[in-house]
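So for the sequence shown, the working numbering puts the first residue at 44; every next one is plus one.
All C-beta atoms in this analysis are idealised placements derived from N, C-alpha and C, irrespective of residue type, glycine included.
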Amino acid sequence: MRKLRTIRLAAVAAAAMLAVTACGNAGSSDDEASKNTYEVVKDPSFESGSRMAALNEAGKIKIGVKFDQPGVGFKTATSDTPTGFDPEMGKIIAGQLGLEPSDIKWVETVSDNREPFLQKGTVDLVIASYSITDERRQVVGQAGPYYVTGQSLLVAKDDDSIKGPDDLKGKKVCSVTGSTSIATVEEKYGAKPAGFDTYSECVDQLKNGSVDAVTTDGAILLGYAAQAPDELKVVGEPFSEERYGIGYSKKFPELCQFLSDSIEKSFTDGDWKKAFDATLGKSGSDAPETPKLDGCSN
């Protein structure tokens with residue numbers, strides 16, 4: 044029950060935040076998050092030749108985040124910096140490398156290119172609602188989880204035919220290409236998958252009737268529903284557990300312990316809660332309990 048309560052708290056927080064945005068106060072949450080400051084370690088001590096030492100010496104880092112997930116990772120055309128819980132986590136990690144927020148190059152990362160971006164060195168880290176899976180860990184490293192949510196369904200407001208995942212057989216369901224969400228509804232519930240690059244495209248497809256539902260993490264979907272409460276609604280209970288991790292290249296296994304230690308430190312020193320409160324926690328709800336981190340096997 045604790046996990047479902049955590050999922051619901053985060054989802055409701057995201058919905059409330061997006062409701063504020065829909066009312067024309069989009070800048071308020073962005074401004075608060077942008078003012079967050081986190082510890083920047085001066086002269087950190089890293090083993091010579093490690094990836095952490097190389098990033099510190101370079102004085103810069105490339106982090107892949109989503110640009111289309113309000114409250115999680117979002118960037119407008121007029122903004123230079125993405126906002127949301129994931130970018131805030133990126134600032135926390137950068138600080139432990141001795142880097143300022145201005146040393147971060149933010150790279151838009153969609154679900155389908157997260158592994159290739161890490162493998163090719165397009166980015167140094169991926170913090171992009173990146174669910175930890177055994178399959179992904181065969182290809183890239185994933186440290187965490189730093190956050191836990193759950194898969195849900197978004198449907199048209201006047202559609203009562205879908206009340207949960209068991210109603211998806213034969214239905215056309217949209218999610219981003221390469222995501223675990225689209226695989227789950229196809230393989231477990233018999234849905235017809237419709238893949239797009241972004242969730243915003245999926246929501247547009249739902250609004251014009253091209254698909255029957257959109258599926259992804261509940262926090263994201265409730266945010267979109269809050270933007271169009273007369274058109275969209277989230278139905279049913281969460282039917283998965285999505286554990287967000289930080290992706291890194293397997294070329295640098297030493298990053299796992301560094302990232303895990305940095306995440307754990309943010310739990311204990313209050314930076315994680317500060318990041319949550321300024322983004323997903325804009326509803327005033329208490330931050331959920333922090334998850335237990337996986338160990339590093341490499």
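Does residue i pass the burial test, meaning 16 or more other C-beta atoms within 10 Å, or should it be called exposed?
i, result
"Ser88", "exposed"
"Gly324", "buried"
"Val166", "buried"
"Ala101", "exposed"
"Lys134", "buried"
"Thr333", "buried"
"Ser10", "In this structure the chain extends from 44 to 341, so residue 10 is not present and cannot be described."
Pull up the DSSP beta-bridge partners for residue i, would you.
i, result
"Phe117", "Asp111, Thr126"
"Ser154", "DSSP output for Ser154 lists no bridge partner at all."
"Ile106", "Trp149, Leu168"
"Lys235", "Lys215"
"Val278", "Leu196"
"Phe184", "In the sequence as presented, Phe is not what sits at residue 184; that position holds Gly. Per DSSP, Tyr291."
"Thr258", "Leu196"
"Arg286", "Val191"
Report yes if the CB atom of residue i is closer than 7 angstroms to the CB atom of residue j, and no otherwise.
i, j, result
"Thr259", "Ser218", "yes"
"Lys235", "Lys215", "yes"
"Gly127", "Phe160", "no"
"Leu197", "Val115", "no"
"Lys206", "Val278", "yes"
"Ser224", "Gln194", "yes"
"Asp42", "Gly92", "Any question about residue 42 goes unanswered here, given that the chain covers just 44 to 341."
Here's a check: name, in chain order, each residue in its chain whose Cβ is nearer than 8 angstroms to the Cβ of residue i, leaving out the five neighbours to either side.
i, result
"Ile289", "Met132, Ile136, Leu168, Val169, Ile170, Tyr173, Gln185, Ala186, Gly187, Tyr189, Leu302, Ile306"
"Asp209", "Tyr232"
"Ile175", "Gln185, Gly187, Pro188, Arg286, Tyr287, Gly288, Asp337"
"Thr121", "none"
Tell me which same chain residues have a C-beta within less than 7 angstroms of the C-beta of residue i, skipping the five on either side of it?
i, result
"Leu140", "Pro87, Met95, Leu98, Asn99, Ile104"
"Asp273", "Lys200"
"Gln300", "Cys339"
"Val153", "Val219, Asp240, Thr241"
"Phe110", "Gly116, Phe117, Lys118, Pro125, Glu151"
"Gly138", "Tyr81, Glu82, Val83, Val84"
Grab me the residues of residue i's own chain with a C-beta within less than 6 angstroms of its C-beta, minus the 5 sequence neighbours each way, in chain order.
i, result
"Asp255", "Lys214, Lys215"
"Val182", "Glu158"
"Phe295", "Arg94"
May I ask you to verify whether the stretch 312 to 320 touches the stretch 217 to 235, counting CB pairs closer than 8 angstroms and requiring at least 3? Taking one beta carbon from each stretch, the stretch 312 to 320 and the stretch 217 to 235 have fewer than 3 pairs nearer than 8 angstroms; the two do not touch.
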